[in-house]
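Have a look at the structure below before the remarks.
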Amino acid sequence: MAEHDITLTVNGTEHELTVESRELLVHALRDQLGYTGLNVGCESTMCGACTVHLGGDAVKSCTVLAAQADGGEITTVEGLADDGEFHPIQEGFQEEHGLQCGYCTPGMMMTATQLLDENPDPDDEEIREALEGNLCRCTGYQNIVNAVENAAEKMGGAAAQGDD
Amino acid sequence: MSVESVDPDDVDAADILGSAIERREDPALLTGDAEYTDDIQLPGMTHMAVKRSQHAHAKIEGVDTSAAEAMDDVIAVFTAEDVDVPGNLPVGWLLDSLRQVDHPMLAGERVRYQGDATAIVIAEERYAAHDAVDAIDVEYDRLDAATSPNEALNGAPDLHEDAPGNTAFEWEIGDAERTAEAFEEASHTASVDLENQLLIPNAMEPRGAVADYNPSTEELEVAMTTQNPHLHRLLMSGVIDHPEHKLQIRAPDVGGGFGSKIHHYADEALAAWAAKQVERPVKWIATRSETYLTDAQGRGHESHGEIAMDDDGNIVGLQVETEANLGAYLSTFAPAVPTYLYGTLLSGQYDIPAIHCEVTGAFTNVPPVDAYRGAGRPEASYLVERLIHLGAKEMEMDPVEFRRQNFVPDDAFPYQTQVAVVYDSGEYEKTLDRALEMVDYDSFRERQERAREEGKYLGIGFSAYIEACGLAPSELAGQLGAQAGLWESSLVRFHPSGTVTAFCGTSGHGQGHDTTYAQIVANELGIDYEDVDVVEGDTDEIPHGMGTYGSRSAAVGGSSLVKSSQKVVEKAKSIAAHQLEATEDDIEFENGEFHISGAPDRSLHIKEVAQQAYLAHDMPAETEPGLEATSFYDPDNFVFPFGMHAAVVEVNPDTGEIEFEQYVAVDDVGNQINPKIVEGQIHGGVAQGIGQALYEAAEYDENGQLLTGSMQDYAVPKAEHIPEMETDSTVTPSPHNPLGVKGVGEAGTIAAPQAVVNAVVDALEPFDVDHIDMPLKDEKVWRAMRENGGGA
C-alpha cells in the first residue's frame, strides 16, 4: 500500500504525518493525531458525527482521504472554544439542552457554525434543512434547532456591537 | 410551553430539586474532552475484526484462515475450534415453557443469521484486521431462511434441534374463559391484524470494547459500550471463564444505548477473551454495517387483537394472539420482552374486566431481538390504542369520549388490572383534557369536515399510553423468571472537607444522571449542588449495580441515593447530638444544619459533622469514624407513567404523503427532578416513535438478507422529518418511591406510533381505511386510499 507524507494544520497547529493512500481523514485525525472530539458514526457520510471544517467548509471526514487533505487547514470541535471561552454554538447547545449522549454533537456544531457563517439568521426550516446530514437519536432535534437559533442570536448580537 | 433552563448558580440550594438546571455533563461533550470507547488508546494495543456470515442460514463446511494468518501485521486468527472456554452466551430471563438453545460466541457448525460470527482476527492496526477478515474463506452449505415469526412457526426449517417448530416458548396471561364469555355476551366487537415491525436501534455510537489483560495479576479490564457494567461483568465472567473479582467492566462515555447496549453480545466477550490469548490490549469497534447486522433489534410482533363492548360503549373484553420474533438466538432479556413487559400492559389506561393474551415466541433467521427503547410496552400500547380507535368507530362514538368513558377512574387507584399488575397512581382525564385544549379539539371536527369538502384530508390521532418503569421488586422478578435482582445500590460518601461523592449502580449514557443525581443528593444532605460529584459505570468503583434501562434510573437508582443520603444524615445526626450535648430526639435537621429544637443558635452544619467524623476525636460511644452509607434499594412495585399524545396530520390524496400540522405530548411522569431533562427525553422518544410510525423498519429478502443494512436504506429520521413538538405535563407522584418519580426515557417512544397511525387512519376515514401497518410510507398510504375504490 502506497504511503504519503502529508501536512495537516489542525486548529492552528501544523502536523506532519505519514498515511496510507486509503486512510480516511477521520482516522488520521483521531488515531494518529489524537483529535478524538470528532466521532465515527457510519463511515458513509450519512450521520455527520465526524464533521470537521476543511478549508472553511464543513466536510464529513469519514469520506475524505487523509492524502486528499494534504496541506489543508482543519478545524475540529477542539478548536471551537477560544482560550477556554465557549463558542456561541457551544453555549447555545448547553443552554438549550441540545444534546444528550453527545456523540453527534461535535459534528452538529461544525455543520451549524458553517450554516451561521453563510446565513447568520436562519429560520427553523433552514436550520433543519442544513442539519439534514447530521443524525441524532437522542434529542428529537427540537432543542438542537433551538441551540442554533440561540447561537445565531448571540453571534448577531456580537456583530451588532462590533458595528457600533 | 418550552422549559427554560437555568444556571445552577442562580438556584437557591433549597430549590435545587425540581430545577431545570443546565447539565454538568455538557462541557466535556461540547469540547471534545469526552472519552468514548473508540477514543481509548493503550500502549501495545491491537485491533480485532470479526468475520461475519453473509448467509442468514447455512451449515459451515469449513473455515480456511491460512491466507489471513500469513498477512503482514496479523497477530492471530481464531475460529470456534480455538475457543477453550464455555463461550456460550446465556439468557437472563427464563419462562416455564422456554426452550433454551446454545448461543456460541463463534459459530462452528451452523450460522443462523446474516452477521453471525465465524472467526476473529487480531492485528496490529484497524485496517490490517479488516483486510485479514476479508481473506478468511468460509465454505457454506446454504439452508432455507425464515425471517418472520409466522413463517418460522409454520414449516420453515428448524434453527435449533432443541426447539422443534422454531417455538421458543408459549406463554399466556389473563383469564381465557372469562374473556371468551365476555365476547359471547358483548353486543359489539372490533378487531385488527397488525404487525409491529422490527426496528434497528441505531445508537449513534456503535458498540465496542477495549480489553486489557495483565497476566501477572490476572486482572482483566474491559472498557466497553455498556448500559449495565455489573451485569456484563457477571455474564462475561461465565462466558470466558474469568473470575468475576478479577474482571473490571468500565463504561466510558457511551453514545446512546436505547437498550441495544444492555445485552451481552459475542463481540465484546470475544475482545476480552482474545486479550487473554494474545496478552496485549485488544480494541474492537463495530462498523455501522456491523451494528445493522448484529445489534439486538426491537419489536417484531405479528398480532391479532379483538375488543368487545356492551351496548353503552363500555369495554367488556380484550383478547390478543401474538407471534413474537426472537431472532436466531435468545438474547439477554429477550424472553421477558414479548411476555411480562408486553402482556401486563394490555389494559392500557382502561378499566377492562376481562383480558386474555397468548404469545408464541419464534426463532427466526434475524439477529437476536431484545429490549429496545420501550421494550414490550410500545407493542402493547400500540395494539391497545389501535383497538380503542376501532372500538370507538364500531360504537360510532367520538374516540375521545370512548376513551374517557372507559378510563380507570381517579378514585380506583391503586388499580388491579386483569393482567397481573397494580397501577400506582393516575389521573388520566387530566392529561386528556390538557391535550384536547392544546389541539383545540372543540373546533377540530368542524375544521376537518370543511377541509374534506375542499379535498383536503386532515386527521387527528390520540394515544392514551401507559408505561411500566422501575421493574420490581426482585422477589416478583424472580418468580417471573428473571435471573437478576432489580434493586439498585448506591454509596454516598462525605469527604473530610465536606464535599461528597455519590456512587450509583445505574449507568447513564446521555440521560444526565450526573446532574439529576447531584440534585437529589444535594437536596437530601442540604449542601450545595456543586459540592456533590457523581460516579457511575465502573465495577471497581461502585458497590454493585443493575444499570440503566427500562427508565429505572430515577425511580430505583435515584431512590437508592435518597436512602443512602438518609442513612448518612442519620449517622451525622447522632454525631451532632453527641457534640451538641443533646439527645437525638432534640435535634432537628434543616438545610444542612443540625440544631437543637428551640435553640437555633446551637447548631452544627453537616459539613462540620463530616470533618468531625473523620477526625474521630469526639464521637458517640460505639460509633465508627467516617461518614458514608450504602443502600441496596428494592422498590415495592413498578411505577406507571402515563400521558396523552395527539397528532394532527394532513394526508395528500395524490401522493399519500403525510404532513404534521401539530404534535402534542402531555405526559405525567410523576415528580420531575429536572424538567428540562424530562422535556428533552420526551422529545427524543417522540422522534423515535414518529420514526417507527413513518419511516423505520428492518426489512429482509426471502433469503434472510438484510435490505436495510445502512443509513442509506434504513431511514433514521432527520431534522426535517420531525415536527416541532408541543409538550406539557401534569404531575401525579408515585406513592411507591421516596422521590415520587415515575420514569420518562421511553415515554415518547411508547406514545407516538399510535398517535400518528390513528391520525392517518382518521384522515382516511372517507376512504374506509381501518388500518395500515407501519411504517406508513407514502406509497402504502396511497395504495390504501385506492383499495376501497377510491373512497371519497
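From first to last, the protein sequence lines stand for chains H and L. Read the first sequence against our numbering and you will find it ends at 205, with the numbers running on by one and no gaps. Read the second sequence against our numbering and you will find it ends at 1123, with the numbers running on by one and no gaps. By construction, the Cβ of each residue, glycine as well, lies at the ideal position given by its N, Cα and C atoms.
| query | result |
| --- | --- |
| Threonine 663(L), DSSP secondary structure in three states | coil |
| Element boundaries [beta strand (DSSP E), containing glycine 692(L)] | 686 to 694 |
| Separation of alanine 542(L) from alanine 387(L), as counted between CA atoms | 29 Å |
| Residues bridged to methionine 640(L) [DSSP beta-bridge criterion] | His519(L) and Ile646(L) |
| Alpha carbon of leucine 58(H) to alpha carbon of glycine 363(L), nearest angstrom | 22 Å |
| Bridge-paired residues (DSSP) for arginine 441(L) | Lys390(L) |
| Which of helix, strand or coil DSSP assigns to methionine 1056(L) | strand |
| C-beta neighbour in chain L for serine 85(H), strict 8 Å | yes |
| Three-state secondary structure (DSSP) of serine 1141(L) | Outside the displayed span of chain L (332 to 1123) sits residue 1141(L), for which this structure offers no information. |
| Neighbour flag for glutamate 362(L) against chain H, beta carbons, 8 Å | Correcting the residue identity first, residue 362(L) is threonine in this sequence and not glutamate. True, the Cβ-Cβ gap to chain H drops below 8 Å. |
| 7 Å Cβ cut-off: residues of chain H touching histidine 1014(L) | Thr180, Gly181, Gln183 and Asn184 |
| Length of the line joining the Cα atoms of cysteine 145(H) and glycine 841(L) | 11 Å |
| Simplified DSSP assignment, three categories, for alanine 344(L) | helix |
| Own chain, CB closer than 7 Å to valine 118(H), minus 5 neighbours either side, in chain order | Gly78, Leu79, Pro147, Met150 and Met151 |
| Other residues of its chain near isoleucine 873(L): CB distance less than 6 Å, five sequence neighbours each side excluded | Phe834 and Gly836 |
| Glutamate 400(L): first and last residue of the uninterrupted beta strand (DSSP E) it sits in | Element bounds for glutamate 400(L): not the beta strand (DSSP E) but the alpha helix (DSSP H), 397 to 400. |
| Residue from His909(L), Ser928(L) and Gln910(L) with nearest C-alpha to aspartate 917(L) | Ser928(L) |
| The segment 1031 to 1056 of chain L: positions lying closer than 7 Å to chain H by Cβ | Ser1041, Met1042, Gln1043, Val1047, Lys1049, Ala1050, Glu1051, Ile1053, Glu1055 and Met1056 |
| Cβ neighbour criterion (16 or more within 10 Å) applied to threonine 870(L) | buried |
| Neighbour list for threonine 146(H) in chain L, Cβ cutoff strictly below 7 Å | Leu360 and Leu361 |
| For asparagine 645(L), the nearest candidate out of Arg734(L), Met535(L) and Ala702(L) (CA to CA) | Arg734(L) |
| Residue from Phe738(L), Asp370(L), Glu990(L) and Asp965(L) whose Cα sits closest to the Cα of glycine 679(L) | Phe738(L) |
| Contact under 8 Å by Cβ, alanine 1086(L) with histidine 976(L) | yes |
| Threonine 846(L) vs glutamate 335(L) beta-carbon contact at 8 Å | no |
| Per DSSP, cross-strand counterpart(s) of valine 1100(L) | Answer is none; valine 1100(L) lacks a bridge partner. |
| C-beta neighbour in chain H for aspartate 1059(L), strict 8 Å | no |
| Assigned secondary structure, alanine 947(L) (DSSP; H/G/I helix, E/B strand, else coil) | coil |
| Contact under 8 Å by Cβ, valine 100(H) with leucine 70(H) | no |
| Alpha helix (DSSP H) segments (min. 4 residues) lying fully within the segment 921 to 981 of chain L | 937 to 946 |
| Sequence-distant residues of its chain with Cβ nearer than 6 Å to valine 697(L) (five each side left out) | Tyr444, Thr478 and Gly658 |
| Nonlocal neighbours in the same chain, by C-beta distance under 6 Å from glycine 1001(L), ignoring five residues either side | Pro1064, Ser1065, Gly1071, Val1072 and Lys1073 |
| Partner residues on chain L for asparagine 80(H), Cβ-Cβ distance less than 8 Å | Tyr367, Asp369, Met535, Glu536 and Gly586 |
| Glutamate 1110(L) in three-state terms, based on DSSP | helix |
| Neighbourhood of valine 1047(L) by C-beta distance below 6 Å, restricted to the same chain and skipping five residues each side | Asn533 |
| Chain H contacts from the segment 590 to 619 of chain L (Cβ-Cβ distance under 9 Å) | Ile616, Thr618 and Arg619 |
| Cα-Cα separation, arginine 765(L) to phenylalanine 793(L) | 13 Å |
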